[in-house]
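What follows is a set of notes on a single structure, which appears directly below.
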Amino acid sequence: MSARRKEFVLMLEGVSKTFSGFKAISNLNFYMDEGELRVIIGPNGAGKSTMLDLITGRTRPDTGKIEYGRDTDLTRLNEYQINRLGIGRKFQTPSVYIYHTVFENVLLSLKGSRGVFPSLFHRTTEEERSRIDAVLTTVGLADRAGWKAGALSHGQKQWLEIGMLIAQEPKLLLVDEPAAGMSDEETHKTGELLLSLEGKHSIVVIEHDMTFVRQIARKVTVLHQGSILCEGTVDQVQNDERVIEVYLGRKKKQEH
Amino acid sequence: MRRTSTPPEKWRDAIVVVVLLAVLPCLNAFTPEGSFLHVSNFSINLYGKYLCYAILAISVDLLWGYTGLLSLGQALFFTLGGYMMGMYLMRMIGNLGQYHQPIPDFLVFLGWSNLPAFWRPFSSFAFAVMMAFLLPGLLATSFGYLAFRSRIRGVYFSILTQALTYAACLLFFRNSLLLGGNNGFTDFKFILGYDLRAPATQRVLYLATASALALVYLGCRWLSHSKFGLVQQAIRDSENRVLFSGYAAGNYKLFVFVVASAIAALGGILYVPQVGIINPSEMAPDKSLEAVVWVAVGGRGTLFGPILGAVGVNALKSWTTRAYPDMWLLILGVLFIFVTVFMPKGMIGLPGQLRDLKRRFRPAAPPPPEVEPAAELSKIK
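For the record, the sequence lines run as chains W and E.
Quick note: the first sequence uses our numbering, first residue 1, plus one each step.
Quick note: the second sequence uses our numbering, first residue 1, plus one each step.
Okay, here's the thing in structure tokens:
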């Protein structure tokens with residue numbers, strides 16, 4: 001077991017979490033390989049966002065193990081400690097600093113010192129500038145560097161936030177519904193962006209939009225009532241009886 | 001990323017500094033009384049008081065406008081600084097008090113014949129000033145540490161700061177604290193050997209206050225333009241994003257809280273010798289609330305706004321309490337509601353609001369040139 005464990009970048013074992021009687025996560029087991037791009041789908045209330053909350057230290061599990069890389073126990077750490085280990089998270093609603101410029105948003109996210117006193121005397125170096133430029137080019141916002149983030153469109157804010165994650169140079173990226181509220185074209189662009197990051201980072205994407213899932217997915221995990229219903233390729237998952245029953249089936253009925 | 005101030009702002013700041021630090025004191029010192037240019041001793045003293053309030057207002061804004069922490073107890077740190085200065089000034093009365101004893105009158109009244117041990121070092125000006133920063137700083141450190149470690153935010157933070165200042169107020173009302181009870185300290189005579197009632201002494205105190213305000217203003221501007229300032233404002237706008245970007249937001253908030261307490265204390269230190277009295281009512285909750293109103297009226301999230309608000313609202317208060325003594329609280333309340341509803345950016349934001357109005361009522365005019373959104377927003381800010 002311990003020999004196998006080392007292959008995983010992220011491992012959740014027997015994790016449960018109850019919110020005032022409601023079992024949000026129940027006996028969840030989840031394993032992810034280094035460099036993998038994993039898509040998690042599931043109906044509303046399946047526990048997808050709660051799962052990310054548990055990994056990132058926003059809430060603590062009642063029982064179970066959450067380990068990152070080689071035996072790092074995440075259940076005892078808080079949000080910023082977990083982030084410093086190399087786990088970046090994108091929220092469902094874009095959270096960028098609306099009164100800061102796009103440039104400053106990325107600057108604050110660049111990998112580097114996070115201490116109070118260094119920040120007082122910090123001067124932006126040329127090297128940092130070129131790193132910021134590179135990130136903004138990757139997410140297609142290079143010509144918006146001087147804009148206030150609040151002036152960006154919804155889709156651009158989502159990309160900026162993804163850019164802020166890339167700037168942190170995390171090993172593991174957790175992306176919560178990146179395509180929510182986007183046009184088809186923007187959604188497609190977001191998919192390409194995520195695919196371009198594949199291999200450089202391990203990525204978990206939570207998504208509802210099945211077209212988008214089909215675009216990016218290698219391996220899909222279906223979450224239902226706080227535990228894993230099945231795992232596999234998009235086709236395998238879509239043909240799984242149980243999945244059709246709880247999730248896709250319902251959707252199909254609505255369409256007819 | 002270093003947003004330096006725009007040219008008009010530089011001119012505005014320069015003019016304000018010249019008026020406060022040179023024009024007013026010179027008009028006070030070098031023009032004959034009765035001349036229409038003359039600034040009376042009374043006025044200089046009054047302006048000195050306003051500028052102390054302006055320092056307090058900046059400390060409120062550093063927390064509220066820049067970090068999103070609405071402190072409703074900032075007058076506590078102001079008053080604590082003032083009390084430490086007051087202890088020194090009480091010692092400087094010597095035996096010129098009513099009872100002609102070498103200890104402060106209220107101690108004689110309480111039956112003391114020797115100075116309590118903790119009073120003794122306050123004969124030293126340097127010690128008193130040190131304590132005036134140390135005590136509020138330590139209080140802010142311990143309160144802030146507990147509050148931010150427990151992630152107390154928003155309205156809960158506000159309520160706790162309010163409770164803190166109220167508790168301190170009740171404590172200072174007690175005679176057994178040996179700090180003058182509800183009368184506090186007054187009847188000061190000398191500071192560093194100079195007669196406090198002499199116009200020249202008051203002028204120097206006024207100059208010291210104006211200089212202190214200028215330094216606080218410059219220091220806070222430097223802070224807000226540093227990377228620290230960026231994090232600070234990021235906490236205000238999206239604390240979760242900051243936490244999930246690896247910043248220990250609590251440490252940043254603690255630092256700001258302690259700096260703000262020291263700034264407030266500085267205001268209090270300068271306030272007491274100019275006003276000549278300090279008592280526990282200065283740390284009553286309504287004093288801190290008033291400081292919040294100054295900031296709201298002047299324009300929060302800017303550094304010039306709090307100064308404008310503190311001076312403006314207090315000038316209005318001085319005038320109202322003479323002309324319509326019973327109306328002041330009503331006017332203050334209406335002012336706060338009006339500003340909150342109709343002028344969310346305060347006096348500082350008024351020119352921008354008027355421009356927008358003008359634009360709306362002149363549809364025939366050619367559309368304004370396409371402004372880059374960044375420029376537009378920076379004006380708001």
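Ideal Cβ placement from N, Cα and C applies to all residues, glycine included.
Predicted model, so just to flag it, every value in this text is computed and none were measured.
Note the first and the last residue of the continuous beta strand (DSSP E) segment covering residue i.
i	result
aspartate 33 of chain W	22-33
isoleucine 41 of chain W	37-41
isoleucine 206 of chain W	202-206
arginine 89 of chain W	87-90
phenylalanine 8 of chain W	8-19
glycine 163 of chain W	From DSSP, glycine 163 of chain W is part of no beta strand (DSSP E) but of the alpha helix (DSSP H) over 154-167.
threonine 63 of chain W	63-68
Which class does residue i belong to by DSSP, given the choice of helix, strand or coil?
i	result
serine 227 of chain W	strand
glycine 301 of chain E	coil
leucine 459 of chain E	Outside the shown range of chain E (1 to 381) lies residue 459 of chain E, about which nothing can therefore be said.
valine 220 of chain W	strand
leucine 174 of chain W	strand
valine 371 of chain E	Annotation note: pLDDT 46 at valine 371 of chain E (below 50); position unreliable, no value reported.
phenylalanine 185 of chain E	strand
arginine 2 of chain E	Bear in mind that a pLDDT of 46 at arginine 2 of chain E, under 50, signals an unreliable position, so the number given afterwards is only what the model happens to contain. If DSSP states are grouped into helix, strand and coil, arginine 2 of chain E belongs with coil.
isoleucine 337 of chain E	helix
tyrosine 194 of chain E	strand
aspartate 356 of chain E	helix
threonine 138 of chain W	helix
aspartate 73 of chain W	strand
lysine 181 of chain W	Per the sequence shown, residue 181 of chain W should be read as glycine rather than lysine. DSSP places glycine 181 of chain W in coil when its eight states are reduced to three.
glycine 112 of chain W	coil
glycine 232 of chain W	strand
Which residues in the same chain have their Cβ closer than 7 Å to the Cβ of residue i, if we skip the five residues on either side of it in sequence?
i	result
aspartate 33 of chain W	Glu7, Phe8 and Val9
phenylalanine 336 of chain E	Val293 and Ala296
tyrosine 99 of chain W	Lys148 and Gly150
alanine 212 of chain E	Ile55, Leu266 and Leu270
arginine 214 of chain W	Val234
Leaving out five residues on either side along the sequence, give the residues of the same chain with a beta carbon under 6 Å from the beta carbon of residue i.
i	result
asparagine 239 of chain W	none
valine 204 of chain W	Arg38 and Leu174
leucine 193 of chain W	none
Which residues in the same chain as residue i place their Cβ atom closer than 8 Å to its Cβ, once the five residues preceding and following it in sequence are excluded?
i	result
glutamine 254 of chain W	With a pLDDT of only 48 at glutamine 254 of chain W, under the threshold of 50, the placement of this residue in the model should not be trusted; the figure read from the coordinates follows. So no residue of the chain qualifies.
glutamine 81 of chain W	Gly57
glutamine 274 of chain E	Asn45, Gly48, Lys49, Cys52, Gln202, Leu205, Tyr206 and Thr209
glutamate 79 of chain W	Thr56, Gly57 and Arg58
tyrosine 145 of chain E	Leu254
serine 119 of chain W	Ser113
Flag this pair as yes or no: are the beta carbons of residue i and residue j separated by less than 8 Å?
i	j	result
phenylalanine 127 of chain E	proline 136 of chain E	no
leucine 266 of chain E	alanine 208 of chain E	no
arginine 114 of chain W	glycine 246 of chain E	yes
isoleucine 278 of chain E	glycine 184 of chain E	yes
methionine 90 of chain E	proline 102 of chain E	no
glycine 14 of chain W	threonine 75 of chain W	no
lysine 109 of chain E	proline 280 of chain E	The sequence shown places phenylalanine at residue 109 of chain E, not lysine. Taking 8 Å as the Cβ cut-off, phenylalanine 109 of chain E and proline 280 of chain E do not qualify as a contacting pair.
proline 306 of chain E	aspartate 13 of chain E	no
lysine 287 of chain E	alanine 57 of chain E	no
leucine 96 of chain E	lysine 227 of chain E	no
glutamine 158 of chain W	lysine 111 of chain W	no
phenylalanine 348 of chain E	glycine 299 of chain E	The question names phenylalanine, but residue 348 of chain E in the sequence shown is isoleucine. Cβ distance < 8 Å, so isoleucine 348 of chain E and glycine 299 of chain E count as in contact.
valine 220 of chain W	threonine 211 of chain W	no
threonine 165 of chain E	glycine 301 of chain E	no
Can you tell me where the alpha helix (DSSP H) with residue i in it begins and where it stops?
i	result
threonine 165 of chain E	154-173
tyrosine 80 of chain W	79-84
lysine 48 of chain W	48-56
tyrosine 252 of chain E	249-275
leucine 197 of chain W	184-197
methionine 130 of chain E	125-149
arginine 203 of chain E	199-225
isoleucine 93 of chain E	Unbroken run through isoleucine 93 of chain E: none, as it is neither H nor E.
glutamine 101 of chain E	First-last for glutamine 101 of chain E: undefined, no H or E at that position.
aspartate 13 of chain E	7-18
arginine 241 of chain E	239-243
asparagine 105 of chain W	102-109
phenylalanine 122 of chain E	Neither: phenylalanine 122 of chain E is in no alpha helix (DSSP H) and is coded neither H nor E.
serine 119 of chain W	116-120
When you measure from the CB of residue i to every non-hydrogen atom of the ligand FAD, does any distance come out below 7 Å?
i	result
tyrosine 66 of chain E	The model depicted lacks the ligand FAD and carries no ligand whatsoever.
- Item | Ranges of the alpha helix (DSSP H) found wholly within the region 25-80 of chain E, counting only runs of at least 4 | Taken in chain order, the complete alpha helix (DSSP H) segments of 4 or more residues contained in the region 25-80 of chain E are 41-67.
- Query: What alpha helix (DSSP H) runs, 4 residues minimum, are completely inside the region 278-325 of chain E?
  - Reply: Secondary structure remark: continuous alpha helix (DSSP H) runs of at least 4 residues inside the region 278-325 of chain E, in chain order: 285-298 and 304-323.
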